[in-house]
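In my numbering, the protein residues as written are 26 to 110. Idealized CB from N, CA, C, for every residue including glycine.
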Amino acid sequence: MSSKKEGAAIVGAAACAACCAGPILGFLGAIGLGTFTGVLLFGVAGLLIAAVGAAIVMSRRRRRAITCMTAPEIGAVEMPIIRTR
């Protein structure tokens, strides 16, 4: 190859990189921003759903614990018999 063709190839590649770099970086930035927004929205939504579920479960457990308690009863206890040899 002649030096003119090599120089033209290098200039062409540099021009392509300079022209296309902005849109490519913009596209990658939009993908990143969309990913961040999706993670943030779904993360907050998941956290809210988990908090509501935990509140429901805890209230049911407390309610069951209160209703399952029996009234205290007084019972007679006999003294144990201790036998010695």
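Inter-residue Cα distance where the pair is residue i and residue j
i: Arg88; j: Val77; result: 17 Å
i: Cys44; j: Leu66; result: 34 Å
i: Met32; j: Gly54; result: Residue 32 is actually Gly in this sequence, not Met. If you take the alpha carbons of Gly32 and Gly54, they lie about 32 Å apart.
i: Ile35; j: Leu58; result: 33 Å
i: Val82; j: Gly63; result: 28 Å
i: Leu73; j: Ile56; result: 26 Å
i: Gly51; j: Ala40; result: 18 Å
i: Val69; j: Ala79; result: 15 Å
Any C-beta of chain C under 8 Å from that of residue i
i: Ala40; result: Note that chain C does not occur in the displayed structure, where there is just one protein chain.
Cβ neighbours of residue i in the same chain (closer than 7 Å, five flanking residues each side left out)
i: Arg110; result: none
Own chain, CB closer than 6 Å to residue i, minus 5 neighbours either side, in chain order
i: Pro97; result: none
i: Gly37; result: none
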